[in-house]
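Protein chains in written order, with my numbering: chain A, 330 to 637; chain B, 330 to 637; chain C, 330 to 637; chain D, 330 to 637. The C-beta atom is built at its ideal place from N, Cα and C for all residues, glycine as well. A quick note: this is a predicted structure, and the numbers were derived from the prediction, not measured.
Number of protein chains: 4
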Amino acid sequence: MTDAIDYQEIFREIVSGFTDADDRGDVAAYIPELGKIDPRKLGIHLTTVEQIHYSFGDSDEKFSIQSIAKVLSLTLALKILGKDIWTRVGVEPSGSAFNSLVQLEYEKGIPRNPFINAGAIVVCDILVSCLTDPKVELLEFIRETSGIPTIDYCSTVAESEKRMGFRNIALVNFMKDFGNIHNDADLVLDLYFHLCSIEMSCKEIVQAFLFLAADGINPVTKTTVINSQRSKRINSLMQMCGFYDEAGEFAFRVGLPGKSGVGGGIVAVHPGKFCIAVWSPKLNENGNSHKGMKVLEEVTTKTKFSIF
Amino acid sequence: MTDAIDYQEIFREIVSGFTDADDRGDVAAYIPELGKIDPRKLGIHLTTVEQIHYSFGDSDEKFSIQSIAKVLSLTLALKILGKDIWTRVGVEPSGSAFNSLVQLEYEKGIPRNPFINAGAIVVCDILVSCLTDPKVELLEFIRETSGIPTIDYCSTVAESEKRMGFRNIALVNFMKDFGNIHNDADLVLDLYFHLCSIEMSCKEIVQAFLFLAADGINPVTKTTVINSQRSKRINSLMQMCGFYDEAGEFAFRVGLPGKSGVGGGIVAVHPGKFCIAVWSPKLNENGNSHKGMKVLEEVTTKTKFSIF
Amino acid sequence: MTDAIDYQEIFREIVSGFTDADDRGDVAAYIPELGKIDPRKLGIHLTTVEQIHYSFGDSDEKFSIQSIAKVLSLTLALKILGKDIWTRVGVEPSGSAFNSLVQLEYEKGIPRNPFINAGAIVVCDILVSCLTDPKVELLEFIRETSGIPTIDYCSTVAESEKRMGFRNIALVNFMKDFGNIHNDADLVLDLYFHLCSIEMSCKEIVQAFLFLAADGINPVTKTTVINSQRSKRINSLMQMCGFYDEAGEFAFRVGLPGKSGVGGGIVAVHPGKFCIAVWSPKLNENGNSHKGMKVLEEVTTKTKFSIF
Amino acid sequence: MTDAIDYQEIFREIVSGFTDADDRGDVAAYIPELGKIDPRKLGIHLTTVEQIHYSFGDSDEKFSIQSIAKVLSLTLALKILGKDIWTRVGVEPSGSAFNSLVQLEYEKGIPRNPFINAGAIVVCDILVSCLTDPKVELLEFIRETSGIPTIDYCSTVAESEKRMGFRNIALVNFMKDFGNIHNDADLVLDLYFHLCSIEMSCKEIVQAFLFLAADGINPVTKTTVINSQRSKRINSLMQMCGFYDEAGEFAFRVGLPGKSGVGGGIVAVHPGKFCIAVWSPKLNENGNSHKGMKVLEEVTTKTKFSIF
C-alpha cells in the first residue's frame with residue numbers, strides 16, 4: 330500500500346517550502362572534522378519494506394553517522410547476549426543530560442538506556458568481552474546487516490574524538506569503579522570512538538536499518554538480522570530514548586521511532602512500512618538536525634503516518 | 330476492520346492463562362481507602378472507534394482512577410490555554426523519581442512533563458487561574474467529555490490524600506518559590522487531590538478517553554473534545570511519560586500510549602482503532618498494575634497491534 | 330589579660346580605615362521590613378568574659394537578628410533533649426545551597442546541621458514537641474539567657490516571612506514526608522518564622538551569647554545556660570556551619586566560631602576571651618554582612634586572636 | 330608553657346584506658362599493600378614549637394600517609410602560585426561524598442576544596458604546570474620542609490592505586506572536560522598517586538608539619554616554609570575540610586585543625602603550641618582512624634587545649 334505514495338514528490342514539496350527561517354542552527358564543531366562539513370548539505374532517502382526507493386539531494390554522500398551507529402552496536406550485542414544485556418543497561422529514558430552523572434551514581438553505575446553515552450559505552454564493553462576482534466567483527470556485522478561491504482570507520486574522526494573525549498573517559502572509568510565495565514577502559518573507548526566514526530550515506534543507513542521496519546529481517550538480503558521480539562525492543566528504545574533531551578518533542582512532531590547523530594543525520598522507522606534517513610548538518614539547541622526534524626515531521630504530517 | 334477481532338475471546342484466554350505467579354504485587358496502602366480494595370478485582374473494557382464494546386469481569390465497578398485523571402485535566406488546560414501551557418511544563422520524560430527534585434531545582438521550577446506530580450500540579454494551577462469554579466468546571470468537563478453525568482470526586486479519598494500529601498505540599502511550595510505556581514498553594518492542591526480522587530469504572534474510563542483514539546472527537550457524542558493536533562500531543566505524552574519509571578518497559582511490552590494510576594487502573598489508546606482500560610489493584614515495584622500490564626501486553630501480542 | 334587590649338581604639342581604627350570600596354553589597358530585600366533599613370547603620374559591641382564592654386556606633390539599636398537566633402533555639406533544644414538531638418539533625422557542613430534538597434533526599438530527611446534552614450526547622454519541631462507553649466517558652470529562655478526581659482519577636486517580620494516562605498514550607502513538608510517532622514507543619518513554621526524575627530541590638534546579642542565564651546555560664550548572671558561540653562559543641566558547629574557557603578572563608582579570615590544573619594548581623598565567640606557582635610546591613614554575594622566580615626577580620630588580625 | 334605538660338604520661342593513660350570496645354573498625358583494603366598492615370600498630374608523636382618531643386609505641390615506624398600528603402602538595406602549590414590557586418579550587422567544605430560529582434558538575438569543574446580527591450588532583454595539575462620534574466621536586470620540597478632526606482614514595486602502592494583508581498581517572502577527565510585540568514591526565518594522576526604513596530613515621534610527619542604550628546617557620550631548621558598568612562590559610566582549611574564527612578565531629582571532639590589518611594594516620598596542629606601525629610590502621614565508617622580520633626580527643630580533653 331505504502332508504495333502508492335509518491336514520497337519523491339513529498340520530499341520536493343517539503344524542501345521547496347523551506348524558508349530562510351529554517352536555515353538555522355550550528356554544525357557540530359567540537360572536533361575539527363565535523364566542523365568542516367558544508368552546512369548546506371541535504372540528503373533524504375526512504376525505502377519501503379517492498380524495497381521501493383525514494384531519494385533527494387545529497388542522499389548518496391557519506392557523512393559521519395555518529396550516535397546513529399549506537400543502534401547497530403546494540404543490535405549486535407542483543408543478538409549475542411540476549412536479554413542478559415538488561416542487567417548491565419536499562420531501557421528507560423534518562424531525563425536531562427545534567428542528571429546523567431548523579432543518576433549513574435544513584436543507580437550504581439547502570440546507565441538508563443543504551444543510547445546515552447554511558448549506555449553505549451557499556452554495550453561496547455559487552456562486545457569487547459564477547460568478540461575476538463571487536464572492531465573488525467562489529468564492522469563485518471554492519472556490512473552484512475546492510476549488505477554494503479564498503480562501510481568503514483573514519484580513523485581521523487575516531488582519533489579526534491579520542492583526543493577530546495574527556496567526559497567519555499570519565500564515564501567509562503566511573504562505571505568501571507562500579508564494576509559495570511569489565512575490560513580495559515582504553516580498549517572499550519577505542520571501539521566506542523570507532524563506532525561513532527562510521528561513515529554512511531542516507532541510502533546506506535536506510536539499507537542497514539530496514540530490518541527494523543520488517544520484523545528483524547532485511548528485505549533486501551532476506552536474512553534475519555535479529556528476531557522479531559528484539560527488533561520490537563530496539564524500535565521501542567529508539568522511540569523512548571533516541572533523541573537526547575528532545576525525545577518527547579520528536580515523538581509528538583514525528584511520531585516514529587528514530588535515532589539522531591551530531592553529524593546531522595537522523596534515521597526513523599515506520600514498522601511494517603518503511604525506513605527513512607535525512608541528513609542536514611545544522612543542529613538545534615538539543616543537538617538534533619534542525620532540517621532533519623522538519624523533513625520527518627512534514628513526511629508524517631503529509632502521509633498521516635504518525636503512530637499517534 | 331478492528332471489529333473483526335473477538336476481543337472478548339482474547340480477554341478470556343488471557344485471564345484463564347493467569348497462574349499463581351501472576352498474583353503478585355501489593356495494593357497501594359498509603360491512604361486507608363485504597364488499602365481496603367479487594368485485591369482480586371479484575372476488570373477489562375475495550376471500545377473500538379466504531380463503538381463496539383468488549384468487556385470482562387469487574388469492568389462496571391468504579392474505582393479510584395488516581396493519576397489516570399491527569400490526562401483529563403491536561404486536556405482541559407490544553408483546550409483553554411493552547412500551546413502556551415508548554416512554557417509552564419515540559420514534554421520530556423523525567424528519568425527516575427529520585428531526580429525529580431534536583432531536576433526541578435536545576436530547571437528553575439519547570440516540571441519535565443504534565444504527568445509527574447509536579448507537572449500535574451502546575452496544570453491544576455493553570456486551571457485555578459482560568460476557571461471561576463475549578464473543581465466544579467473540571468468535573469463538568471469530564472462529564473461532558475465522557476457523556477457520563479454521574480462521574481464524581483470521592484471526598485473521603487481527597488481528604489485522605491491531603492492529610493498524607495506532604496511531598497506534594499513540598500512540591501507546590503517549591504515551585505511557588507520559583508514563581509511557577511500563581512495561586513494559593515492550598516487551592517491548587519485541593520483541586521489536585523480532588524482530581525486524583527475521581528472514581529470511574531473501566532467502561533467509563535474508555536468512554537472518557539475514546540476521543541484520543543479518534544483524532545480528538547468523541548465518537549459516541551460526536552463532539553470535538555480537542556483538536557486533532559492536540560489529541561496527538563496528548564497521545565505522544567502518554568507514550569513517553571505515562572508510566573513513571575516504567576515507560577520504556579511499557580512501550581516495549583505494550584507498544585501503545587497509556588496512563589496508569591496507583592488505584593490499579595491503566596488506560597491505553599490505539600490511535601485510529603480503540604481505547605482499552607484494565608483494572609487490577611496489585612501493583613508492581615514501579616507502582617503500575619501487575620496484571621493490568623500483563624493483560625495489555627497479551628492483547629497487543631495476540632492482535633499484533635503494537636505500534637513497534 | 331584580654332582587658333589590656335583597647336578594643337575601642339581598634340574599632341575606631343578599623344572604621345576610619347573603611348574606604349568607598351567597602352561600601353558595597355545589598356541590603357536583604359526579600360521581605361519589605363528588611364529592605365527598609367538604613368544601609369549605613371554600623372554597630373559593634375564586644376564584651377570580655379571579665380565583663381568589660383567595648384562598643385561603637387549603632388551598637389544599641391535593635392535589628393532583625395534572623396539566623397543568628399538559630400543558635401539560641403539549638404541551645405534550648407540541646408539543653409532539653411541532650412545528644413538525642415543528633416539523631417534528627419547532623420553536625421557536618423552542608424556544601425552548597427544547591428545541594429540541600431538532593432542531600433536531604435539522599436539522607437532521608439535528616440538535615441546536615443542545625444544552622445541550614447532545614448536543620449533549624451527540625452530544631453523548632455523538637456521544641457514544639459517538648460514545650461507546652463513553644464513561642465512563649467523559647468522567648469523566655471532567650472530573655473533569661475541574656476538577662477534582658479525586653480527581647481521580643483517582631484510579628485510584622487514573622488508574618489512577612491510566612492507569606493514569602495515557600496521554600497521553607499517545601500522543606501518542612503518534605504521532611505515530614507520522611508517522618509522527621511513530628512508536629513503540624515504550620516505550628517513548626519510559626520515558631521521558626523517568629524524565631525527569625527527576633528530583634529536585638531549588638532550589645533544584647535553579645536550578652537545573650539557570652540555563655541559560649543565562658544564554658545556555658547553567663548558571666549553576668551552567673552547562671553549555667555548549658556554544660557561545658559554542649560557549649561563546646563555549639564561553638565564547633567558555629568565554626569563549621571555558621572556562614573552558609575562562606576564558612577571556610579570566614580574560618581580563614583576571622584578564625585573564630587560565629588553565626589551570621591541576613592539582617593546584617595554577625596556574632597563571633599572567642600572561647601575563654603570574649604564575644605563580639607557586628608551589624609552592617611549590606612550583604613555580600615554569600616548573604617553575609619560585608620563590613621561585618623571586614624570588622625571581625627581586622628579585629629582578629631590586629632589582636633592576633635585568630636585560632637589558626 | 331606547653332612543655333610543662335607531661336604528654337608522655339597522658340599518652341600512657343589514654344592507651345591504658347583503651348578497652349576491647351575500642352578495637353573496632355577495619356583496615357583499608359582496597360589496595361593489597363594497605364590491607365597487609367598489622368592492625369594492632371599504634372604510634373603517637375608530639376613535638377612542641379619549643380621542640381620538645383613526646384612519643385609512644387610505633388611512632389618511628391613508617392606507614393602510608395595517603396591523604397595527609399595532600400597538605401604538603403597544597404603548601405608547595407600555594408608557595409609557588411599564591412592566591413591565584415583559589416581560582417582553580419575552592420576553600421569550602423564539601424558536604425557528603427555522594428554529592429561530589431553533582432557539585433563538580435554544578436560548579437563547572439571547580440572542586441570545593443583542595444583536600445577532596447578532585448581538589449588534590451587540581452593541585453597536582455598546578456604542580457605539573459609549574460615544575461620541571463614534578464615528582465622529584467615535590468619530594469625534594471617535602472624532604473626540605475621536614476629536614477628528612479630519606480622520605481620517599483612507595484612505587485608499589487602508587488602502582489596499586491593507579492590500577493584501582495578508576496574514580497580518580499573519572500574525576501581528572503571530568504575536570505579536564507571543564508577545562509580545569511591543563512596537563513595530560515596520566516601525568517597528573519601519576520603525581521597524585523605517588524603523592525598519596527609517601528611513607529613516613531609519626532615522628533617524621535610531625536617534623537614535616539611543625540611549621541603549621543609556628544606561623545610557617547620550621548622551628549627545627551629555622552627556615553620559612555611559607556608565610557604566616559598562608560600557614561593560617563592551610564590550618565583553617567584543615568579545620569574545615571580535613572576529615573571527609575566527619576569534619577564537624579572532629580572539630581567538636583578534638584577541636585584542632587588536622588588531616589587524616591586511609592592508612593590510619595592523623596596529623597593535628599595546635600597553632601602556637603604543637604603538632605601531633607597518631608597512627609592506628611583500623612578505620613571507622615567515615616574512613617578515619619578510630620583509635621587515632623580517640624587519642625586526639627583525649628589529649629585535647631586532658632590538656633583542655635581544644636580551641637572551642
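Assuming residue i is part of the beta strand (DSSP E), what are its boundary residues?
| i | result |
| --- | --- |
| S589/C | 587-589 |
| H511/C | Neither: H511/C is in no beta strand (DSSP E) and is coded neither H nor E. |
| I605/A | 603-608 |
Alpha helix (DSSP H) containing residue i: first to last residue?
| i | result |
| --- | --- |
| A447/C | 446-459 |
| A597/A | Segment 594-599 is the beta strand (DSSP E) holding A597/A; no alpha helix (DSSP H) there. |
| I409/A | 399-410 |
| N617/D | Looking at the DSSP string, N617/D is not in any alpha helix (DSSP H), and its letter there is neither H nor E. |
| K464/B | 463-475 |
| G577/D | 576-582 |
| F538/D | 531-538 |
| L566/D | 557-570 |
| K633/B | Premise fails: K633/B is in no alpha helix (DSSP H) and is neither H nor E. |
| T485/A | 484-493 |
Please report the Cβ distance between residue i and residue j, rounded to the nearest whole angstrom; I am assuming they are in contact, meaning their Cβ atoms lie under 8 Å.
| i | j | result |
| --- | --- | --- |
| I534/D | Y482/D | Not quite, the Cβ-Cβ distance comes to about 15 Å (not below 8 Å), so this is no contact. |
| M504/C | I498/C | That pair is no contact at about 11 Å. |
| I394/B | G592/B | 6 Å |
| S452/D | I563/D | The question names Ser, but residue 452/D is Val in the sequence shown. In fact, because the Cβ distance is near 12 Å, the residues do not count as touching under 8 Å. |
| K631/D | I339/D | 5 Å |
| G601/A | V378/A | 7 Å |
| I595/B | G616/B | So it is not a contact: roughly 11 Å between Cβ atoms. |
| S565/B | F637/A | 5 Å |
| I450/A | V517/A | 6 Å |
| I343/A | V624/A | 6 Å |
Item to check | Every unbroken beta strand (DSSP E) inside the region 334-391 of chain D [3 residues or more] | outcome: The region 334-391 of chain D contains these whole beta strand (DSSP E) runs: 372-377, 382-386.
Checklist entry - Any contact of the region 557-568 of chain A with the region 392-407 of chain A, i.e. 3+ C-beta pairs under 8 Å? => result Yes: at least three Cβ pairs fall under 8 Å.
Next on the checklist: Along the region 484-504 of chain B, where does the CB come closer than 7 Å to a CB of chain C? Name the residues.
Outcome noted: Here the close residues are F495, R496, I498, A499, N502, F503.
Checklist entry - Any contact of the region 604-614 of chain C with the region 355-375 of chain C, i.e. 3+ C-beta pairs under 8 Å? => result Contact between the region 604-614 of chain C and the region 355-375 of chain C is present: 3 or more CB-CB pairs across the two stretches fall below 8 Å.
Next on the checklist: For the region 400-416 of chain D, list every residue whose C-beta sits within 8 Å of some C-beta in chain C, in sequence order.
Outcome noted: Per Cβ criterion, the list is empty.
Checklist entry - Looking at chain D, which residues of the region 449-481 of chain C have a Cβ within less than 8 Å of any of its Cβ atoms? => result Result list empty, no residue passes.
Next on the checklist: For the structure I just gave you, are there three or more beta carbon pairs, one from the region 379-387 of chain A and one from the region 410-427 of chain A, closer than 8 Å?
Outcome noted: Not touching, per the Cβ criterion.
Item to check | Members of the region 618-636 of chain D near chain C, C-beta cut-off 9 Å | outcome: Answer set for the region 618-636 of chain D: S635, I636.
Checklist entry - Is there contact between the region 580-596 of chain B and the region 507-524 of chain B, where contact requires at least three CB pairs shorter than 8 Å? => result No, because fewer than three Cβ pairs between the region 580-596 of chain B and the region 507-524 of chain B fall closer than 8 Å, the two stretches do not touch.
Item to check | Interfacial residues, the region 566-581 of chain D to chain C, with Cβ spacing under 8 Å | outcome: Taking 8 Å as the Cβ-Cβ cut-off against chain C, the residues of the region 566-581 of chain D that qualify are L566, Q568, M569, C570, D574, E575, A576, G577, E578, A580, F581.
Checklist entry - Between the region 429-448 of chain D and chain C, which residues of the former have CB atoms less than 8 Å from a CB of the latter, in chain order? => result Cβ contacts with chain C: V431, Q432, Y435, E436, R441, N442.
Next on the checklist: Under 8 Å: do the region 461-480 of chain B and the region 530-546 of chain C share three or more Cβ pairs, one atom per stretch?
Outcome noted: Here the region 461-480 of chain B does not lie against the region 530-546 of chain C, with fewer than 3 beta-carbon pairs under 8 Å apart.
Checklist entry - Quick check: the region 547-554 of chain B against the region 482-497 of chain B, are there 3 or more CB pairs under 8 Å? => result By the Cβ rule, the region 547-554 of chain B does not count as touching the region 482-497 of chain B, because fewer than three pairs are nearer than 8 Å.
Checklist entry - For the region 506-524 of chain C, which residues have a beta carbon sitting closer than 7 Å to at least one beta carbon of chain B? => result Per Cβ criterion, the list reads D506.
Checklist entry - Looking at chain B, which residues of the region 587-602 of chain A have a Cβ within less than 9 Å of any of its Cβ atoms? => result If the cut-off is 9 Å between Cβ atoms, the region 587-602 of chain A has V598, P600 near chain B.
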